[in-house]
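Numbering (the numbering used here), first residue to last: 13 to 325.
By construction, the Cβ of each residue, glycine as well, lies at the ideal position given by its N, Cα and C atoms.
Notes to accompany the following structure.
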Amino acid sequence: MNARKIIIDTDPGQDDAVAILLALASPEEIEVLGITAVAGNVPLSLTAKNARIVCELAGKTDVPVYAGCDAPLSRKLVTAEHVHGKTGLDGPDLPDPTMPLTHGHAVDFIIDTLREQDAGTVTLCPLGPLTNIATAFQKAPDIVSRVQEIVLMGGAYFEVGNITPTAEFNIYVDPEAADIVFKSGVDIVVMPLDVTHKALVTKTRNDAFRALGNQAGVAVAQMTDFFERFDKEKYGSEGAPLHDPCVTAYLIRPDLFQGRHVNVEIETASELTMGMTVADWWGVTNRTPNTTFIGSLDADGFFALLTERLARL
Ligand code: RIB
Ligand code: CA
């Protein structure tokens with residue numbers, strides 16, 4: 013089977029880091045054409061730096077990393093240092109990157125890549141706010157039909173919000189961008205909190221990462237040691253939810269995930285519910301289904317895959 017060509021759009025973030033490591037450890041299934049950083053968990057200068065730190069942690073410094081949008085389309089940037097720490101990668105003590113950013117804007121890289129690669133052969137994997145993706149679609153509408161699929165982490169329905177009572181962080185930060193993407197007509201697979209809150213790094217699972225003994229395994233264990241405190245305190249959960257790695261795991265083992273093809277629209281008017289992903293889970297409207305909204309996963313299978321792949325780095 014040919015490896016799937018992807019662009020990872022990301023705001024690292026400990027969970028983004030794990031998603032990127034999983035992708036870079038899986039060359040048979042995934043060819044990472046490039047990584048595009050966006051402002052989200054922390055400001056762009058840090059997400060662009062952290063993306064390179066993760067590439068170096070994986071020993072894959074040939075992957076081009078581009079800096080993208082430093083603010084949402086029209087709203088003020090909201091960040092999440094309260095979850096990820098002031099660096100965005102708090103936990104392990106990782107060295108500053110030596111690999112440079114690749115020259116050029118992330119949005120232009122997305123546009124150029126979709127124009128250069130055969131139509132229908134590039135998957136976009138957004139792990140943060142959708143600002144870069146929406147900006148690319150606005151700047152070059154011709155690329156929209158060339159996208160194979162979008163597999164993104166964002167949104168919530170039964171699980172409700174994590175940054176407001178109704179909204180998940182990635183969508184909340186740039187709801188206008190999310191609205192553009194969800195209305196684009198591209199096939200979208202959504203990994204909402206409904207599934208990512210079932211991908212919890214319990215102590216046993218984190219001990220397995222640490223026991224790998226390699227740099228990546230130990231760093232991931234240290235990242236989740238830090239990252240889990242927010243969710244454990246708020247939800248009383250057993251460990252950190254690995255939100256973003258659900259995206260790259262889906263590309264490798266889609267059979268680990270279950271969902272439903274439904275319509276999802278984004279709240280962009282009411283401040284009370286701003287950024288809510290309104291999923292018509294029970295089909296009570298005549299709105300056209302536009303996403304595969306994932307609700308559950310085989311968590312043991314997910315962690316077995318992740319642990320096996322981290323061992324390769
Ligand atoms: O709500 C969780 C999402 O917001 C994850 O992608 C996390 O990295 C943050 O970006
Ligand atoms: Ca993220």
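query, result
"Looking at the structure shown, is Thr99 part of a helix, part of a strand, or coil, going by DSSP?", "coil"
"Considering only their Cβ atoms, is the gap separating Ala37 from Arg222 smaller than 8 Å?", "no"
"Tell me the residue span of the beta strand (DSSP E) that contains Gly140.", "No beta strand (DSSP E) holds Gly140; DSSP gives it neither H nor E."
"To the nearest angstrom, how far is the alpha carbon of Leu254 from that of Arg127?", "32 Å"
"Over the uninterrupted alpha helix (DSSP H) stretch that includes Gln26, give me the two end residues.", "Gln26 to Leu36"
"Identify whether Pro253 lies in helix, strand or coil by the three-state DSSP scheme.", "strand"
"From Leu56 to Asp267, what does the alpha carbon distance come to, in whole angstroms?", "34 Å"
"Give me the Cβ distance between Leu106 and Ile65, rounded to the nearest whole Å; I'm assuming they're in contact under 8 Å.", "5 Å"
"Looking at C-beta atoms only, is the number of pairs between the region 108-115 and the region 152-167 that lie closer than 8 Å three or more?", "no"
"What's the gap between the Cα of Asn218 and the Cα of Ile145?", "33 Å"
"Restricting to runs no shorter than 4 residues, where is the alpha helix (DSSP H) found entirely within the region 215-259?", "215-223 and 227-247"
"Is it true that the region 174-188 meets the region 88-95, where meeting means three or more beta-carbon pairs spaced less than 8 Å apart?", "yes"
"So is Gln150 buried or exposed if we call it buried at 16+ other beta carbons inside 10 Å?", "exposed"
"So, at 8 Å on beta carbons, what are the nonlocal neighbours of Glu43 in its own chain, with the 5 sequence-adjacent residues on each side left out?", "Ala15, Arg16, Lys17 and Ile18"
"By alpha-carbon positions, which one of Glu171, Phe238, Cys258 and Lys210 ends up nearest to Leu101?", "Phe238"
"Among Leu69, Thr143 and Leu85, whose alpha-carbon lies nearest the alpha-carbon of Asp108?", "Leu69"
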